[in-house]
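J.:
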DNA sequence: GTCTATACACGGATAGAC
DNA sequence: GTCTATCCGTGTATAGAC
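Chains as they are written, first to last, in my numbering: chain C, 1 to 234; chain F, 1 to 234.
(1) Please determine, among C:228, C:177, C:23 and C:32, the residue with the shortest C-alpha to C-alpha distance to residue 196 of chain F.
(2) Which residues in the same chain as residue 179 of chain F place their Cβ atom closer than 7 angstroms to its Cβ, once the five residues preceding and following it in sequence are excluded?
(3) Under 8 angstroms Cβ to Cβ from residue 32 of chain F, same chain only, skipping five residues before and after it: list those, please.
(4) Name, please, each residue of chain F whose Cβ falls closer than 8 angstroms to the Cβ of residue 217 of chain C.
(5) May I ask you to verify whether the stretch 139 to 151 of chain C touches the stretch 34 to 46 of chain F, counting CB pairs closer than 8 angstroms and requiring at least 3?
(6) Which whole-angstrom value is the C-beta distance of residue 254 of chain C and residue 125 of chain C, which I expect to be below 8 angstroms?
(7) Report the residue from C:138, C:218 and C:38 whose alpha carbon sits nearest the alpha carbon of residue 81 of chain C.
(8) List, in order along the chain, the chain C residues whose C-beta lies closer than 8 angstroms to that of residue 54 of chain F?
(9) Just verifying my parser: in three-state terms, what is the DSSP assignment at residue 42 of chain C?
(10) Does the stretch 108 to 119 of chain C come close enough to the stretch 55 to 74 of chain C to have 3 or more Cβ pairs within less than 8 angstroms?
(11) Rounded to the nearest angstrom, what separates residue 67 of chain F and residue 228 of chain F at their Cα positions?
(12) Could you check which residue in F:64, F:116, F:51 and F:104 has the C-alpha nearest to that of residue 136 of chain F?
(13) Could you tell me whether the Cβ atoms of residue 182 of chain F and residue 172 of chain F are closer together than 9 angstroms?
(14) Within 9 angstroms of any Cβ in chain F, is that where the Cβ of residue 200 of chain C sits?
(15) For residue 78 of chain F, I'd like the list of residues in its chain whose CB is within less than 6 angstroms of its CB, leaving aside the five on either flank, ordered along the chain.
(16) Whole-angstrom Cβ separation of residue 105 of chain F and residue 230 of chain F, contact assumed at under 8 angstroms?
(17) Below 7 angstroms on C-beta distance, what does residue 87 of chain F contact in chain C?
(18) Under a CB-based cut-off of 9 angstroms, is residue 225 of chain C close to chain F?
(19) Give the straight-line distance between the Cα atoms of residue 147 of chain C and residue 23 of chain F, rounded to the nearest whole angstrom.
(20) Using 8 angstroms for Cβ pairs, my map puts residue 59 of chain C next to residue 214 of chain C. What's the rounded Cβ distance?
(21) Indicate the three-state DSSP secondary structure (helix, strand or coil) for residue 34 of chain C in the structure shown.
(22) At the level of alpha carbons, what is the spacing between residue 41 of chain C and residue 175 of chain F?
(23) For residue 222 of chain F, which residues in the same chain have their Cβ closer than 7 angstroms to its Cβ, ignoring the five residues on either side in sequence?
(24) Would you report the Cα separation of residue 211 of chain C and residue 122 of chain C, rounded to the nearest angstrom?
(25) Please confirm if residue 98 of chain C has its CB atom under 9 angstroms from at least one CB of chain F.
(26) For residue 216 of chain F, does the count of other Cβ atoms within 10 angstroms reach 16, so buried, or fall short, so exposed?
(27) Counting only beta-carbon atoms, is residue 173 of chain C nearer than 9 angstroms to chain F?
(28) Can you tell me which of the three DSSP states residue 128 of chain C falls into?
(29) For a contact defined as C-beta to C-beta under 7 angstroms, what are the partners of residue 146 of chain F on chain C?
(30) List the residues of chain F that residue 220 of chain C touches, going by C-beta distances under 8 angstroms, in chain order.
(31) As a quick exercise: from C:209, C:159 and C:53, pick the residue whose alpha carbon is nearest that of residue 101 of chain C.
(32) So, with DSSP's three-state summary, where would you put residue 139 of chain F?
(33) Excluding the five sequence neighbours on either side, which residues of its own chain have a C-beta within less than 8 angstroms of the C-beta of residue 170 of chain C, listed in chain order?
(34) Would you tell me roughly how many angstroms separate the C-alpha atoms of residue 12 of chain C and residue 26 of chain C, rounded to the nearest one?
(35) If we cut at 9 angstroms on Cβ distances, does residue 150 of chain F have a partner in chain C?
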């Protein structure tokens with residue numbers, strides 16, 4: 001019933017019994033881990049479709065194929081479950097954010113970041129919706145994540161961008177306005193996919209079409225900030 | 001208590017009475033009109049803060065300063081009220097959309113449209129949130145608006161943009177990708193204001209700062225599509 | 001047109017058997 | 001760890017007095 005990670009049992013018994021029993025501690029820990037992961041995935045989908053208030057624990061339980069009480073066994077409250085989904089999402093966001101580091105070429109860095117964000121929108125659109133929904137409604141359940149994790153990261157990116165501008169590698173843009181444009185545009189393809197489908201004549205979901213769109217977005221952003229590679233002549 | 005439109009009474013009596021009574025029909029019609037407008041404004045705020053499912057008729061009634069039952073007197077169901085809010089929002093969106101027409105200069109047309117959308121984000125951020133929330137959750141309550149009103153408008157804009165590209169006034173961009181970038185970026189300042197405030201150090205709400213941001217966004221978009229005025233030399 | 005009181009369903013959370 | 005049954009608050013919507 002659970003299509004999660006394969007079981008990693010038979011890892012050697014830790015609690016020596018006379019019975020040839022499997023390692024109980026580990027087995028129990030794995031059950032919890034696997035059940036939590038499964039519930040988190042189902043919760044993400046329901047929160048994306050209906051929002052925090054609109055989602056009910058009954059819906060999440062039904063999608064997970066377990067009774068309602070099991071949800072409360074693994075996560076004490078609906079809010080705790082929601083919070084875990086948000087933390088999970090931040091980790092994924094943070095991995096994509098790291099593609100921004102590691103190069104001093106603004107075209108490569110910004111273009112790569114846009115691609116990573118587009119890929120995230122394609123791979124995990126439900127998560128993007130949960131995130132967007134939370135911010136639209138005030139972000140009270142992720143204020144600490146924004147303040148302690150996202151803000152420091154953004155501040156370093158602003159420094160890097162301002163440096164590129166000072167060295168003539170970028171047009172004189174407002175760094176934050178640029179970052180917001182990248183976020184808004186890339187996440188639009190996940191969050192507003194219902195509108196895109198309604199306006200685009202049903203397509204925009206095929207892999208090929210999405211890759212073409214990604215290229216378009218990269219070009220738009222690169223042109224928007226007037227990026228030029230460091231080794232290019234002026 | 002109601003801070004809506006001023007009463008337009010004393011418009012001449014229609015039902016001749018011996019009493020010097022005011023025109024009853026008109027007076028009643030005005031009461032309804034005014035009460036509906038007031039409820040719509042309060043509903044927009046609550047829907048923006050909590051989403052459709054999260055909003056309760058009790059909250060809307062409380063904000064409007066009326067008993068819960070009055071809400072159901074003017075709007076039969078919560079969904080009917082929500083639907084009216086969405087229709088109202090579309091009308092406002094449509095007015096801003098019209099700034100795109102009327103000129104053949106892509107810099108003026110696109111720049112003006114971006115300004116109009118930014119102004120809409122500043123003037124009615126709650127409405128933008130309701131709209132975004134609805135689309136994120138599947139847009140089932142506004143599928144007809146998207147299909148019959150937004151899509152035809154977008155299609156004509158795509159034609160105009162493609163024509164500009166053919167005449168060398170714009171870089172070879174995907175017209176829809178450009179429009180989505182404009183929508184996403186401008187609406188970001190309304191929908192994600194909680195995040196912007198969390199990341200920007202409290203500001204970004206003053207009138208001056210918003211105008212500066214608007215100029216930045218206009219410049220970013222104009223550069224993104226490589227717009228050139230028709231009378232400019234190459 | 002406005003209000004109080006209420007019907008009735010659903011939601012989150014818990015108790016306690018297995 | 002899993003399940004059934006249930007408590008209790010809240011939500012939408014309505015009845016009916018004023």
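The beta carbon of each residue, even a glycine, is placed where N, CA and C say it ideally should be.
T.: Walking through what the data contain:
(1) The residue among C:228, C:177, C:23 and C:32 with its C-alpha nearest the C-alpha of residue 196 of chain F is C:177.
(2) Within the same chain, residue 179 of chain F has close Cβ partners 154 and 157.
(3) So the qualifying residues of the chain are 74.
(4) Chain F residues near residue 217 of chain C: 177 and 181.
(5) No, because fewer than three Cβ pairs between the stretch 139 to 151 of chain C and the stretch 34 to 46 of chain F fall closer than 8 angstroms, the two stretches do not touch.
(6) Look at the range of chain C in this structure, 1 to 234, and you will see that residue 254 of chain C is not part of it.
(7) The candidate whose alpha carbon is nearest that of residue 81 of chain C is C:38.
(8) 51, 52, 53, 54 and 137, listed in chain order.
(9) In the three-state scheme derived from DSSP, where H, G and I count as helix and E and B as strand, residue 42 of chain C is classed as helix.
(10) No, the stretch 108 to 119 of chain C does not touch the stretch 55 to 74 of chain C.
(11) About 57 angstroms.
(12) Nearest to residue 136 of chain F by C-alpha distance, out of F:64, F:116, F:51 and F:104, is F:51.
(13) No Cβ-Cβ contact shorter than 9 angstroms links residue 182 of chain F with residue 172 of chain F.
(14) At least one chain F Cβ lies under 9 angstroms of residue 200 of chain C.
(15) So the qualifying residues of the chain are 57.
(16) Contact flag correct, Cβ pair sits at about 6 angstroms.
(17) Neighbours of residue 87 of chain F on chain C: none; closest Cβ ~16 angstroms, over 7 angstroms.
(18) Yes - at least one Cβ of chain F is within 9 angstroms of the one on residue 225 of chain C.
(19) The C-alpha of residue 23 of chain F is placed about 59 angstroms away from the C-alpha of residue 147 of chain C.
(20) Contact flag wrong, Cβ pair sits at about 33 angstroms.
(21) Look at residue 34 of chain C here: in three-state DSSP terms it is helix.
(22) Straight-line Cα distance between these residues: approximately 35 angstroms.
(23) These residues qualify, in order along the chain: 107, 110 and 111.
(24) Cα to Cα, the separation comes out at about 10 angstroms.
(25) With respect to chain F, the C-beta atom of residue 98 of chain C has no partner C-beta closer than 9 angstroms.
(26) Looking at its Cβ environment, which holds 16 or more other Cβ atoms inside 10 Å, residue 216 of chain F is buried.
(27) So yes, residue 173 of chain C belongs to the interface.
(28) Note: residue 128 of chain C maps to helix in three-state DSSP.
(29) The answer, in chain order, is 195, 198 and 199.
(30) The contacting residues are 173, 177, 178, 181, 224 and 225.
(31) When C-alpha distances from residue 101 of chain C are compared across C:209, C:159 and C:53, the shortest belongs to C:159.
(32) Correct three-state label for residue 139 of chain F: coil.
(33) Correct list, in chain order: 106, 161, 164, 225, 226, 227 and 228.
(34) With a pLDDT of only 42 at residue 12 of chain C, under the threshold of 50, the placement of this residue in the model should not be trusted; the figure read from the coordinates follows. Going by the C-alpha atoms only, they are around 10 angstroms apart.
(35) Closer than 9 angstroms to the CB of residue 150 of chain F there is at least one CB belonging to chain C.
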